[in-house]
Every structure is written in structure tokens, then in C-alpha cells.
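Per mature numbering (1 follows the signal peptide of the UniProt record, and there is no 0): the sequence shown = residues -21 to -1, 1 to 280.
For every residue, glycine included, the Cβ atom is placed at its ideal position computed from N, Cα and C.
Working notes for the structure below.
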Amino acid sequence: MSSQLRVLGVTLLASSALALAACSEQGQPVVPEETVSTEAVAPDPAPAATSPGSPAVAPPASASEEASPSVAPDTAQALQSAVDMAVAAFDGTAGIAVSDGVTVTSAGDDTAYPAWSTSKVPIAIAALRQDPSLTAPAAAAITASNNEAAETLWLSLPAGAADQVLAEGGAPVTMNTVKIRPEFSVFGQTAWSPSSQATFAANLPCVAGSAPVLELMGQVNSDQTYGIGQLPGARFKGGWGPDPSGSYQVRQFGRFAGPNGDIAVALTAIPASGQYGDAQAMASMMATQLAGATLPTATCS
């Protein structure tokens, strides 16, 4: 690792430590994601399909191209560089993906880890479709990542309503409905990969009923605006939560302003230290590498 990377890693780590001190919904210390009315925190907890005691961790893969015959080499290179820089600074694993809505380019770890609070986006869309009066809990669930508000939305839904939203966004993911870990919400343990999240983000404006939720994604509380939240015009949702050993992972997906329109991106960060502050710093390091990179514009706007 070059001296420049060490300096950047230390700088971001210091700034993330300050964010960690404030990163509590409703002014409380950071707690695991789906426990109180706060967001959780976590590296590689087991996906919904695996047992809670055996987290699924895939080794970082080289830049990959999915669902497309033509991906700009500069895009793959930019993503791989972002992952390499974050892993060099913090060890562990990291993954990032961008999509125009059809083509997906990813680098690093593309494992379908628990979505944590990123799952609140399709839930909020589905809930507002069913009952437009649920604006207050939707706002709390998206801007403050309030878990009690998200639970209210979740309980209002008929079976499969959030799955339908995901499918319309090009992400045929099934929301978890089994209590895998008693201390966390069922929906937060939904297994969702960065590639699939990037595709969903790219198609999100074309999903019926998404407009008010997209607007809320641009109003995320300042204590959660690390990573993608640092990019211009960011509309995003983050999630974080501990694996069974207590190590933290950060998940984020959303859109930010590019030269020709919005760019859809998703990332995951799992530092070797297992510390939430390091996961924040990894996310910010990867996100800042995207500014000015050659990336595909989301076709749905």
C-alpha cells in the first residue's frame, strides 16, 4: 500500500470516527441495525438462505460484467481501483457495482449479504402504494432509518407486495420472512447483492409509486451521509448491522448526479477490524473514487 493510500485511509478513518459518535437515530449511541428504533451495523451476516451461525463471505472477485456484451473498460477499471484501494487500506472485503438498468458492472465482493436497512426502500414504496397516508413512517424509515417506523410499514403490507416492487425494478429478490436472528427484523435479513441493488437503483424512477421515496432518499440525515451520500445529488439508502460475531458491515445503494444524468451504484464494505467506523471509511473511500470516473448513466430517469 502506498504512502498516499495510508494517508487517505487514516484521514477517512478519523472522519468516520467522528461520524460514528453521532451516527445514532434519535441521538442514541450506534446500536445493531434492527434492534431499537435505530439502524443496525454489520459485516457479512449470513444471507437469508444460510444458517445464522455461518456468515457467507465470498472472496473478492475481479471486475465482472453481468447481463451485457459491452462494458467500457474504463468503468471496470474504475470500480476495481475503488475496491482495491479500500481493501488495501482496511483489509477485509469490499464490493461495488454500477448499472444503467440492464447492464451491470461489478468489482470485488458481490455476495448477497443481508440488506439491513437498504430493504426499507422497496418496503416504503409498497406501503405508500397501499396506503398513501403512511407518509410519516415512510419518512422516518428512509431519512432516519427508524426501525419502528419500518416495522409499521412492513406490517401494513400484504404478502409479496415488496417483492413486486423489487421485480418491477429489475431485481427479482424475495424479501425474507423468516426470523433468522431473533434480535433483528425479518426484512433486514433479506439477501441482496450489490449488482442487484445497482440495477434496482437504476430502474427506481420507473417503478410506480417510487417518486416520494426517491425524494426522501435525497433527505437522509447528515449522520448517515458517508459513502454514496458524499456524492453530488445523492439519493440513497444505507444499511449496517453486525454478523453473529459482532463484526460490522455497511451496505448502500442509490443514485448520484453524473455528467449525462444519474449514475446508479451499490456497495458493500466489510473491514477486517469489524469496526463500524472502518466500514464507513471504506464506503466513503470507494464512493469518492467514482467522482469523475467513466460510468454508465441510468437510462430510467
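Three-way DSSP call (helix, strand, coil) for residue i in this model
i      : result
VAL83  : strand
ILE75  : strand
TRP171 : coil
ARG160 : coil
TYR255 : helix
PRO221 : strand
VAL229 : strand
ALA190 : helix
GLN56  : helix
PRO31  : Low local confidence applies: a pLDDT of 34 at PRO31 is under 50, so the model's placement there is unreliable, and no value is given.
GLN143 : helix
PRO275 : coil
Exposure of residue i, with buried meaning 16 or more beta-carbon neighbours within 10 Å
i           : result
ALA73       : buried
ASP53       : exposed
ALA213      : buried
residue 287 : Outside the displayed range of the chain (-21 to 280) lies residue 287, so it cannot be described from this structure.
ASP110      : exposed
GLU147      : buried
PRO137      : exposed
Residue i - partner residues in DSSP beta bridges
i      : result
ASP63  : DSSP, once it has assigned bridges, lists no residue as partnering ASP63.
PRO93  : ALA170
ARG234 : ARG214 and ALA243
ILE249 : THR72
Own chain partners of residue i with C-beta closer than 8 Å, once the 5 adjacent residues on each side are dropped
i      : result
SER280 : PRO184, GLY240 and ASP241
Cβ-based neighbour list, residue i, same chain, cut-off 7 Å, excluding 5 preceding and 5 following
i           : result
VAL144      : PRO101, ILE104, ALA105 and VAL186
SER172      : ASP89, THR90 and ALA91
LEU113      : ALA106, LEU107, LEU132 and SER135
residue 296 : This structure cannot settle anything about residue 296, because the visible part of the chain is limited to -21 through 280.
Residues near residue i in its chain [Cβ-Cβ closer than 6 Å; skip 5 each side]
i      : result
GLN203 : GLY217
ALA57  : ALA272
THR178 : SER78, VAL83, GLY149 and ALA150
THR278 : ASP79 and GLY80
ARG234 : ALA180, ARG214, ASP241 and ALA243
Query - Sufficient close CB pairs (3 or more, under 8 Å) joining the region 194 to 201 to the region 247 to 258 - result: With a cut-off of 8 Å, the region 247 to 258 and the region 194 to 201 do not count as touching, because too few Cβ pairs lie within range.
Query raised in the report: How about the region 144 to 161 and the region 121 to 128: do they share at least three Cβ pairs that are nearer than 8 Å?
Result: Taking 8 Å as the limit for Cβ pairs, the verdict is that the region 121 to 128 does not touch the region 144 to 161.
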